[in-house]
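Chemist: Here's a structure for you.
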Amino acid sequence: MAATPEELLGLAEPAPLSPSLFLDLPPMTHGDSQNDLALEYISRVLTEEDIVDKFFYQYPDHPKLLQAEQSFAEILANTSPTADQESFADSTSILMPSQGNNTDVMVSGCQVQDPALLNCTGTVEPNSMVFPSESSTNMNMLSSMSMAFFNGMEDANRFLPADDVMMDGRGRKKRSDMDGEMEAGLGRSSKQIVVVLHSALEEEEEEEEEATALEMLDRLILNGYEASPSEMQEVVRVTWEDKEDKAARQSISRRGRCAARHTVVTDLETLLTRCAEAVASSDVCGASKLLERIKCHSSPRGDARQRLAHYFAQGLEARLAGTGSRLYRSLMGKRTSAVELIRAYHLHTAASCSIKVGLLFSTNTIYKAVAWRRKLHIVHYGISTGFQWPDLLGLLANREGGPPEVRITGINSPQPGPCPAALMEEAGHRLNNYASQFGVPFKFRAIASKLEDVRAEDLHIDPDEVLVVSSLYEFRTLMDESLTSDMLSPRDMVLNTISKMRPSVFVSSVVNGPYSAAFFMTRFRHALYYFSALFDMMETTVPWVAKRLLVERDIFARSAINRIACEGTDRVERPQNYKEWQTRNQRAGLRQLPLDPDIVLILKDEVKNRYHKHFMICEDHRWLLQGWKGRVLYAHSTWELSW
Numbered sequence: 001m002a003a004t005p006e007e008l009l010g011l012a013e014p015a016p017l018s019p020s021l022f023l024d025l026p027p028m029t030h031g032d033s034q035n036d037l038a039l040e041y042i043s044r045v046l047t048e049e050d051i052v053d054k055f056f057y058q059y060p061d062h063p064k065l066l067q068a069e070q071s072f073a074e075i076l077a078n079t080s081p082t083a084d085q086e087s088f089a090d091s092t093s094i095l096m097p098s099q100g101n102n103t104d105v106m107v108s109g110c111q112v113q114d115p116a117l118l119n120c121t122g123t124v125e126p127n128s129m130v131f132p133s134e135s136s137t138n139m140n141m142l143s144s145m146s147m148a149f150f151n152g153m154e155d156a157n158r159f160l161p162a163d164d165v166m167m168d169g170r171g172r173k174k175r176s177d178m179d180g181e182m183e184a185g186l187g188r189s190s191k192q193i194v195v196v197l198h199s200a201l202e203e204e205e206e207e208e209e210e211a212t213a214l215e216m217l218d219r220l221i222l223n224g225y226e227a228s229p230s231e232m233q234e235v236v237r238v239t240w241e242d243k244e245d246k247a248a249r250q251s252i253s254r255r256g257r258c259a260a261r262h263t264v265v266t267d268l269e270t271l272l273t274r275c276a277e278a279v280a281s282s283d284v285c286g287a288s289k290l291l292e293r294i295k296c297h298s299s300p301r302g303d304a305r306q307r308l309a310h311y312f313a314q315g316l317e318a319r320l321a322g323t324g325s326r327l328y329r330s331l332m333g334k335r336t337s338a339v340e341l342i343r344a345y346h347l348h349t350a351a352s353c354s355i356k357v358g359l360l361f362s363t364n365t366i367y368k369a370v371a372w373r374r375k376l377h378i379v380h381y382g383i384s385t386g387f388q389w390p391d392l393l394g395l396l397a398n399r400e401g402g403p404p405e406v407r408i409t410g411i412n413s414p415q416p417g418p419c420p421a422a423l424m425e426e427a428g429h430r431l432n433n434y435a436s437q438f439g440v441p442f443k444f445r446a447i448a449s450k451l452e453d454v455r456a457e458d459l460h461i462d463p464d465e466v467l468v469v470s471s472l473y474e475f476r477t478l479m480d481e482s483l484t485s486d487m488l489s490p491r492d493m494v495l496n497t498i499s500k501m502r503p504s505v506f507v508s509s510v511v512n513g514p515y516s517a518a519f520f521m522t523r524f525r526h527a528l529y530y531f532s533a534l535f536d537m538m539e540t541t542v543p544w545v546a547k548r549l550l551v552e553r554d555i556f557a558r559s560a561i562n563r564i565a566c567e568g569t570d571r572v573e574r575p576q577n578y579k580e581w582q583t584r585n586q587r588a589g590l591r592q593l594p595l596d597p598d599i600v601l602i603l604k605d606e607v608k609n610r611y612h613k614h615f616m617i618c619e620d621h622r623w624l625l626q627g628w629k630g631r632v633l634y635a636h637s638t639w640e641l642s643w
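Below, the structure is given as structure tokens:
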């Protein structure tokens, strides 16, 4: 708790008075770290000039203060004036404040050591020595004390060292020349100005960043979610086309070097697996040695396998030390600007067709489901920024017969802070603006709750509406087991709720990640297989190291570290195989619908014409599968109630 003015000036208890009119502040307390000391010191420096002013305002006639001032005034007044003192007094002009006037007490031609008395221009702060002007007694006392104080300073200078260095009241060296005092005063008085300017600059930068992010998001949405800006698409396209030509022109020696590099990569995968086995068996010594070897051959800016090994080693090291949850929370707590997030989205959609295909699959399915109906209700699990819906609003606006009434209910886990639904509310306002531009009647409702806690009764379902439930890769974060044996798992609870809604269609897009097994080694091998494909995809399709680092560090690495280093409720990434999702959906009373051949044809043409040839898209028993070099990464399907 901050000290009171009485405590600062020693007036709270009867104690010997300090020999100075402006008593020292209490000594700083030592914090637990150097940062605590620095923060406390900065706080002291920024506030020490205001403490005395506040005291004079609140206690101008305090008896003990007047007694202390009077004793010093008598001591100084006993000194007989000299010629030097007279010249000093002549060169000193004192303009006392009058009633209703804010004129400063000007001091020139003298050296005043107390920082609370002078500002950067050698001017006494207006509130530093101002007593109530209606009291003539106090004014006369102030005048006599001030004159006595300045007259006595010349005699005091005779006892000071002759050089230009002297000691202050705390035993620290101080420059005695006027230039040094002026510079020190300038630094003290400008601290608050610097803080204010710094805060203003930060606010201005945040406003500019927000405006840039909104502009980028608007351009992204209104352009139909193009994969990337035109220049990014062109460079990526050239990179794709030149891959085979460059490989064909390589020399034999170059091929030999590549083969040697491939051997090192294989060793990295082997080292990661051996290290994971050592961590699983609590072999601290063996795991530490393997981690050192992995770190020597891995880098966030190396090739695909080296970058993968770098982040996997971080997860293994955190798991070995038992700090996995702390590491993941620190990664999630790092602030990433909205501009960087949108740029990462641009790059991710340029490198991977997963988001684009998921959006097109959902949009076209819903557009066909609403047909000629006049009301549409979309329940979106994990709506986040709502970036997928303006495209659908644009299609509905141009529908023959006019657009239907659209109602979107967004469900997201509550965000930390005083406004748990702030992100969804912003998305709702943005979507409402787009709907107004397109001329589509629109309503939005945000529900900040755990996905499994939402019930069908909470959604105000209208029988006249076409009800659509949508989830774009969101169910991967649901727990796959219950806390007690007599309860359903959160995944089964959500699917049962969807069945009770009786939707016209349930659009499901899932991450095909068979690495949510309970056993760590099984989960680790599946994760290594899955993320190897993602890092290889980025290596092949994105030529920029810095831009690639943004996606890999802020998206892939966080997910991988959570799956490797965390357990229990802290492990939030729990994707399943699409066939396991099929079994769960059927158990919840849902029936899988056949894929629409027109939609499948559109998506296949999109992937073939706009993305790298190693991307695959195919059908498997009413599932639309996406992958990279034969590895299935994502799956899409549509469902309805089975009875």
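Per full-length UniProt numbering, the sequence shown starts with residue 1, numbered consecutively.
Note that the Cβ used here is the ideal one computed from N, Cα and C, for glycine as well.
In this text, all values refer to a predicted model and were calculated from it rather than measured experimentally.
Exposed or buried, which one is W628 when buried takes at least 16 other CB atoms within 10 Å?
Modeler: It is buried - the Cβ of W628 has at least 16 other Cβ atoms within 10 Å.
Chemist: Would you list, in sequence order, the uninterrupted alpha helix (DSSP H) runs of no fewer than 4 residues that lie entirely inside the segment 500-554?
Modeler: 520-541, 545-551, all fully within the segment 500-554.
Chemist: Starting from R455, follow the alpha helix (DSSP H) in both directions and report where the run begins and ends.
Modeler: R455 -> no alpha helix (DSSP H), and no H or E assigned at all.
Chemist: DSSP three-state label for K387, please.
Modeler: The amino acid at residue 387 is misidentified as Lys; the sequence shows Phe. Coil at F387, not helix or strand.
Chemist: Which term fits C353, buried or exposed, when burial requires 16 or more other beta carbons within 10 angstroms of its beta carbon?
Modeler: C353 should be labelled buried.
Chemist: Return the first residue and the last residue of the alpha helix (DSSP H) that S298 is part of.
Modeler: Neither: S298 is in no alpha helix (DSSP H) and is coded neither H nor E.
Chemist: Looking at the strands, I want to know which residues DSSP matches up with I617.
Modeler: Beta-bridge pairing links I617 to Q626.
Chemist: What is the DSSP secondary structure of L290, reduced to helix, strand or coil?
Modeler: Residue state, collapsed to three classes: helix.
Chemist: Give me the Cβ distance between R319 and V279, rounded to the nearest whole Å; I'm assuming they're in contact under 8 Å.
Modeler: Yes, R319 and V279 are in contact; Cβ-Cβ is about 6 Å, under 8 Å.
Chemist: May I have the straight-line CA-CA distance separating L423 from T270, to the nearest angstrom?
Modeler: Whole-angstrom Cα-Cα distance: 43 Å.
Chemist: Can you look up A588 in the DSSP assignment and give me helix, strand or coil?
Modeler: DSSP places A588 in coil when its eight states are reduced to three.
Chemist: Going by C-alpha to C-alpha distance, which of G589, G513, L601, L534 sits closest to E573?
Modeler: It is G513.
Chemist: Between V279 and chain C, is there a C-beta pair that is closer than 8 Å?
Modeler: The structure shown contains no chain C; it holds only a single protein chain.
Chemist: Assuming N412 is part of the beta strand (DSSP E), what are its boundary residues?
Modeler: Taken as a continuous stretch (DSSP letters only), the beta strand (DSSP E) holding N412 covers 405-412.
Chemist: What's the call for D391, buried or exposed, on a 16-neighbour Cβ count within 10 Å?
Modeler: Classification of D391: buried, given that the 10 Å Cβ count is 16 or more.
Chemist: Since A446 contacts G428 with CB under 8 Å, what's their CB separation in whole angstroms?
Modeler: Contact flag correct, Cβ pair sits at about 6 Å.
Chemist: Out of curiosity, what's the CA-to-CA distance linking Y530 and F524?
Modeler: So the alpha carbons of these two residues sit roughly 10 Å apart.
Chemist: Beta-carbon within less than 6 Å of G439's beta-carbon, same chain only, minus the 5 sequence neighbours each way: which residues are those?
Modeler: Within the same chain, G439 has close Cβ partners A397.
Chemist: Would you check if the distance between the CB atom of Y634 and the CB atom of S489 is smaller than 8 Å?
Modeler: For Y634 and S489, no; Cβs fall outside 8 Å.
Chemist: Alpha helix (DSSP H) containing E465: first to last residue?
Modeler: No alpha helix (DSSP H) holds E465; DSSP gives it neither H nor E.
Chemist: Quick check on DSSP: helix, strand or coil for T638?
Modeler: Correct three-state label for T638: strand.
Chemist: What does the Cβ neighbour count give for M487, buried or exposed, with the cut at 16 atoms within 10 Å?
Modeler: Classification for M487: exposed.
Chemist: List the DSSP bridge partners of R631.
Modeler: DSSP output for R631 lists W628 as bridge partner(s).
Chemist: Does DSSP put H348 in a helix, in a strand, or in coil?
Modeler: Note: H348 maps to helix in three-state DSSP.
Chemist: If we count the other Cβ atoms within 10 Å of its Cβ and call it buried at 16 or more, is K356 buried or exposed?
Modeler: Counting Cβ neighbours within 10 Å, K356 comes out buried, since at least 16 surround it.
Chemist: Once you ignore the five residues that flank R558 on each side, which residues in its own chain have a CB closer than 8 Å to its CB?
Modeler: Excluding positions up to five away in sequence, the list reads Y328, L331, M332.
Chemist: With burial defined as no fewer than 16 other Cβ atoms inside 10 Å of the residue's Cβ, what is the status of P597: buried or exposed?
Modeler: With fewer than 16 other Cβ atoms within 10 Å, it is exposed.
Chemist: Measuring CB to CB, does R293 end up less than 8 Å from F535?
Modeler: Result no, Cβ atoms of R293 and F535 do not sit closer than 8 Å.
Chemist: Is DSSP giving Q415 helix, strand or coil here?
Modeler: In the structure shown, Q415 sits in coil (DSSP, three-state: anything other than H, G, I, E or B).
Chemist: Compute the beta-carbon to beta-carbon distance between A456 and M493, rounded to the nearest angstrom, for a pair I have assumed lies under 8 Å.
Modeler: Not really, about 12 Å apart at Cβ, beyond 8 Å.
Chemist: What number of angstroms, rounded off, separates the C-alpha of V511 from the C-alpha of T409?
Modeler: Using only the alpha carbons, I get a separation of about 23 Å.
Chemist: Based on Cα-Cα distance, which residue from C566, A421, G394 lies nearest to T323?
Modeler: Nearest option by C-alpha distance: C566.
Chemist: Among A304, M479, H348, V406, which one has its Cα closest to the Cα of K375?
Modeler: Comparing Cα positions, the closest option is V406.
Chemist: Just the Cα atoms here: how many angstroms apart are T363 and P575?
Modeler: When rounded, the distance between both Cα atoms is 23 Å.
Chemist: Which class does R374 belong to by DSSP, given the choice of helix, strand or coil?
Modeler: In this structure, R374 counts as coil in the three-state DSSP scheme.
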